[in-house]
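Residue numbers (the numbering used here), protein chains in the order written: chain V, 370 to 1102; chain G, 686 to 765; chain X, 686 to 765; chain H, 8 to 243.
Think of the CB as a built atom: it goes at the ideal place given N, C-alpha and C, for glycine as much as any other residue.
First up is the structure itself, then whatever we jot down about it.
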Amino acid sequence: MKKTKSKRKSWPKPKDMMGLAPAEYDLACNILGREPSLTEHGIFSVMWSEHCSYKSSKKWLKTLPTKAKWVICGPGENAGVIDIGEGDACIFKIESHNHPSYIEPYQGAATGVGGILRDVFTMGARPIANLNALRFGAPSHPKTRRLVSGVVAGIGGYGNCVGVPTVAGETNFHASYNGNCLVNAMTVGIARKNKIFYSAAAGAGNPVVYVGAKTGRDGIHGATMASAEFDDNSEEKRPTVQVGDPFVEKLLIEACLELMATDAIVAIQDMGAAGLTSSSVEMAGKGGLGIDLDLDNVPARETGMSSYEMMLSESQERMLIILKPKRIEVAQRIFAKYELDCATIGHLTKTGRLVVRKNGNVDADMPIAPMVQASPEYSRPWKPAKKRKPVDARKLPVREPGAALEKLMGCPDLASRRWIWEQYDHLVRGHTLQRPGGDAAVVGIPGRKKALAMCVDSTPRYVEADPETGGAQAVVETWRNLTAVGATPMAITDNMNFGNPERPAIMGQFVGAIKGMRKACKALNYPVVSGNVSLYNETNGQAILPTPTIGGVGLLKDATKSVDLALKADGDAIVLIGATAGWLGASLFLREVEGREEGAPPPISLGTEKRNGDFVRGLIAKGQVNACHDISDGGMLVALAEMALAGRMGARLELPRTDSAYLFGEDQARYIVTTANAKRLLAGAKTLRIPATVIGTVSRDGKLALAGCAPISLDKLRQAHEGWLPGYMSSKK
Amino acid sequence: MKAKIHVTLKNGVLDVQGKAVAAGLAGLGFPGIGDVRVGRYVEIELAAKDAAAAEAQAKQMCEKLLANTVIENYRIEIAG
Amino acid sequence: MKAKIHVTLKNGVLDVQGKAVAAGLAGLGFPGIGDVRVGRYVEIELAAKDAAAAEAQAKQMCEKLLANTVIENYRIEIAG
Amino acid sequence: MKSAIVVFPGSNRENDAADAIERASGKRPAMVWHKDSELPEGLDLIVLPGGFSYGDYLRCGAMAARSPIMREVIARADKGTAVVGVCNGFQILCETGLLPGVLLSNSGLKFICRDVHLKVANSQTMFTHRYSAGQVVRFPVAHHDGNYFADPDTLKRLEDGDQIAFRYCTPDGETTTEGNPNGSIGNIAGVFNATKSVLGLMPHPENATDPATVGSLGGSLDGKPMFDAIVDALSK
Ligand SMILES: Nc1ncnc2c1ncn2[C@@H]1O[C@H](COP(=O)(O)OP(=O)(O)O)[C@@H](O)[C@H]1O
Ligand SMILES: [Mg+2]
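Dropping the structure here:
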């Protein structure tokens, strides 16, 4: 932008800056050629907030690979779109609702689900599944229990009512989230490839139509709140809480999909963060047009709302549509059927300006392109994380495998999440082929042989220990989880949850994670098609663990060719695929059993990942394995115990080593499979030079028998595993 | 001693139930329905020694459990 | 005109919520919690011409929608 | 067999029910939007599907029960047309009075979605004649308000009239508290009207009819005999 003399005459008081930095306020004055009105100031402040402008992250996000033959639409639209064959497309995205969920867990989480659903059906997709990734503080922290219960109830309350099954997720606990929980929600939808809707407005003169719920004073300045650090007073910022109405959302989905089946729509966009402001500016901006809004026509829930309030309101369940002028009646008829508001609130213009009128006054008149283009992009200083030394496993005490396993299976991060997913309707629609409890959920597509697999993952303790390795690992873990059910991983969506980017160490975590993700995506041909960034996740200067949540989607061409993790047939050979050195740095074992959070995380070899994963996927496709599970948190023995519990079958193990590093090490690129024909499998592995070892056989006795150790009772493991979360949630302190 | 507690949504907070009830009543043919607000009503038997103590206790109960003070208000009456 | 309506469970009907609230309060350390009953509280703006008409209308609303008279009682107050 | 599914604003398992009926009969039921105040002529079966009609605000099923289309449904039921209400549909049937009792909040005050075991209490009806008496079947539940309640007189009437369809039980068929997911009185999961032409139940037989959904982590085909039985009884 050219340097001109500042048009600013005076400074607003700091408390009236609405989150704009002084230089940004200056820039706003220069763009307008005068000082902004209150409404204009509000519009600048939300458009340039971290949440809407990605000012700290843009530079790095651009480096992520976003293309592949099957990518129809990458980042930049409401959600990503991939081609899944037969003229079908899959549309998906993940989004955070961290700050609102901390302030009001039920509504915060519920509206998070509502928001991500809208991002997906806005593009023409029928939502078929929801996922959620949750991080809470230490179980012993006084706030944790209420947050868990509120967030889970909110996600269920919304998803259950709209009739979209919540099929998978992940949940972790760590003291770094004590003052800042994370709630990341993901929606997967399907559409016809030739019926995808975009947000770029077209056709000056075309009507701008508002549909859905009425506008109230909800969540004004929510977008800027989502970009603000917390302090101990943040619970005072209460009026910004939004309340969701899943019933209206359900009607909105049906009405929008019905309208989309006609030819009435030019462009459509949900009203998310910064509501009417961001939706109108983005639509007009992308189309290179102007937009004239007459706010007197906005359906309002409350009386006396100002332009400022209407433009910034974050009332839920609303959409903005550019219609073909002759099709207004079609829309009116459909929205009347569902008893939803439908009002023409303006039209597109050739001026390139956003003009906001109310009560006969012009409350804003601002050029769109300069505002969007000048939206700041920072190159924030960053500092790489200090490298950590590997942990020397030989110096650790000898542990009884059974006791260590029981402790791990019942620890907060590994205990069963049944208490959570049973509060989610994971079956509605009737196409949930693999339910929660496995590596990835599998959801069928009506009328098709194929199915989609989906999961969300991140291992923040690795990212903290080494951001680049951790970033790569998060991508790789989703890839592995999809592979383990037999699916071909197609693409990811990412949710970057970090602390304050103005601190170089935090920015270093962000940059490192992106670098790792980029490498992994490239090596696996597994592009990023959508995502979301949530920064400033700090309270009183205490940042969360860096948490790049990855949502992965994979395709199963034949849904019947999928396997799950449960041990099945007595006598099946148990085969470990991948090499085990015994890596304990940054492992769960080290933290939970030895009480140490240290060491470098397990290294990632992307070539090995790809080779081993492709091999396993091939075995599943050929029907050569009866069960498959990837090895992640807790290592090999934990994975095996999970398989045994799921199948209610035991195992007799013959292991080359029984030291902690071998049993609980978190070396990557590994899977456990079971097969009736081990010989064939091993021969296949040998030709490809993939490490594969028979480590035991499936048995009917209710235990894991390790040569040279006391047998481990499955009943005891089940008690530890299933008991922890319900026990924790029902205890009083 | 008995505490009678009304928990209602704060002004401006979307009342999804109230909205649905208003629509339902209109659908049944009731004319002239204005604003409808739906809240909770809780009665608690307390072992407090006097009205003031009961009220103080009820207030704490509202703050800690009965009301979500982020979006709800509460009102307490004490009956002998 | 405003109708204020309390809908409460009849005696003998298990009050699941009331029981849970009582347990929750006891768990928070409140001593001497007796019976807890949870009901609904509904406020409706009516266009009725006088209190008697408003009351009659509110009664019909309760019978037709607001209360399930198999298990619930209702009580109506009319405020100017 | 000619069937129709009534779709209320907020219904969400209407397609699940249609799929199950189509699997059993080869014919897809008509979908009737609640505002169409008329049902198709010559219906043999009316289904009220699961979901959150009117958001389940106020009381589950209360507003749907009073919608104009339900007057039609009641009239048809009175003439003997078979009616099945699943989950929210069961709640609606109780609210209209076509079935006795009410559904209160689950005793745990939480939504529950998982497979449960049920004991067939009466296998002599058009809905259940493909099961044997006392057979234990597995269906999923997905509800927040499935806690069946009726006063002692009503309960006695239900027992005496063989009007109990299913009871929650353990995998071994014990109708104990342990096998009861939601606190229902007498472990009741589903009931008939006096003439056995109307059935309401909380669990979802329609989600236990698709072989693709059966696996080690859950799923069952035990709902299929129910739809087969209905098709059997109503096909002319
Ligand atoms: N918040 C949640 N919602 C739904 N399902 C969850 C949630 N958290 C965990 N799960 C489910 O629990 C199982 C175990 O989760 P996780 O240990 O993260 O699996 P993995 O190690 O394969 O990534 C998975 O099936 C997952 O989908
Ligand atoms: Mg896994």
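Below-8 Å beta-carbon distance, residue i vs any chain V residue
i, result
"residue 223 (chain H)", "yes"
"residue 756 (chain G)", "yes"
"residue 61 (chain H)", "yes"
"residue 214 (chain H)", "yes"
Helix, strand or coil at residue i according to DSSP, with G and I counted as helix
i, result
"residue 1099 (chain V)", "helix"
"residue 524 (chain V)", "helix"
"residue 685 (chain V)", "coil"
"residue 193 (chain H)", "helix"
"residue 531 (chain V)", "helix"
"residue 719 (chain X)", "coil"
"residue 439 (chain V)", "coil"
"residue 686 (chain X)", "coil"
"residue 979 (chain V)", "helix"
"residue 431 (chain V)", "coil"
"residue 744 (chain V)", "coil"
"residue 646 (chain V)", "helix"
"residue 929 (chain V)", "helix"
"residue 913 (chain V)", "coil"
Residue i at chain X interface by Cβ criterion, 8 Å
i, result
"residue 156 (chain H)", "yes"
"residue 765 (chain G)", "no"
"residue 744 (chain G)", "no"
"residue 105 (chain H)", "no"
Residue i versus residue j: straight-line alpha-carbon distance, rounded
i, j, result
"residue 924 (chain V)", "residue 439 (chain V)", "12 Å"
"residue 750 (chain X)", "residue 743 (chain X)", "10 Å"
"residue 967 (chain V)", "residue 120 (chain H)", "39 Å"
"residue 4 (chain H)", "residue 542 (chain V)", "With chain H represented from 8 up to 243, any question about residue 4 (chain H) goes unanswered, as that position is not in the structure."
"residue 941 (chain V)", "residue 848 (chain V)", "26 Å"
"residue 735 (chain X)", "residue 764 (chain X)", "10 Å"
"residue 757 (chain V)", "residue 846 (chain V)", "22 Å"
"residue 71 (chain H)", "residue 710 (chain G)", "12 Å"
"residue 818 (chain V)", "residue 927 (chain V)", "5 Å"
Under 8 Å from the C-beta of residue i: neighbouring residues of chain H
i, result
"residue 696 (chain X)", "By Cβ distance, chain H contributes nothing, its closest Cβ being about 11 Å from residue 696 (chain X), past 8 Å."
Whether residue i touches residue j by CB criterion (8 Å)
i, j, result
"residue 774 (chain V)", "residue 1007 (chain V)", "yes"
"residue 667 (chain V)", "residue 584 (chain V)", "yes"
"residue 586 (chain V)", "residue 682 (chain V)", "yes"
"residue 57 (chain H)", "residue 17 (chain H)", "no"
"residue 97 (chain H)", "residue 110 (chain H)", "yes"
"residue 329 (chain V)", "residue 699 (chain G)", "What the structure shows of chain V is the stretch from 370 to 1102, and residue 329 (chain V) is not part of that stretch, so it cannot be assessed."
"residue 532 (chain V)", "residue 501 (chain V)", "no"
"residue 864 (chain V)", "residue 809 (chain V)", "no"
"residue 467 (chain V)", "residue 906 (chain V)", "yes"
C-beta neighbour in chain G for residue i, strict 8 Å
i, result
"residue 580 (chain V)", "no"
"residue 603 (chain V)", "With a pLDDT of 47 at residue 603 (chain V), under the threshold of 50, the predicted position of this residue should be treated as unreliable, and no value is reported."
"residue 68 (chain H)", "no"
"residue 520 (chain V)", "no"
Beta-carbon neighbours of residue i, restricted to chain X and to distances below 9 Å
i, result
"residue 728 (chain G)", "693, 703, 720, 721, 722, 723, 724"
"residue 732 (chain G)", "716, 717, 718, 719"
Per-residue contacts from residue i into chain H (C-beta, under 7 Å)
i, result
"residue 713 (chain G)", "73"
"residue 795 (chain V)", "120"
Contact with chain H by residue i, beta-carbon distance below 8 Å
i, result
"residue 1087 (chain V)", "no"
"residue 689 (chain X)", "no"
"residue 499 (chain V)", "no"
Where residue i meets chain G, residues with beta-carbon distance less than 7 Å
i, result
"residue 585 (chain V)", "697, 699"
Contacts of residue i in chain H (Cβ-Cβ under 9 Å)
i, result
"residue 717 (chain G)", "Chain H residues near residue 717 (chain G): none, gap ~19 Å exceeds 9 Å."
Within chain G, the residues that residue i reaches when beta carbons sit closer than 9 Å
i, result
"residue 64 (chain H)", "701, 702, 703, 704, 705, 706, 709, 723"
Per-residue contacts from residue i into chain X (C-beta, under 8 Å)
i, result
"residue 114 (chain H)", "701"
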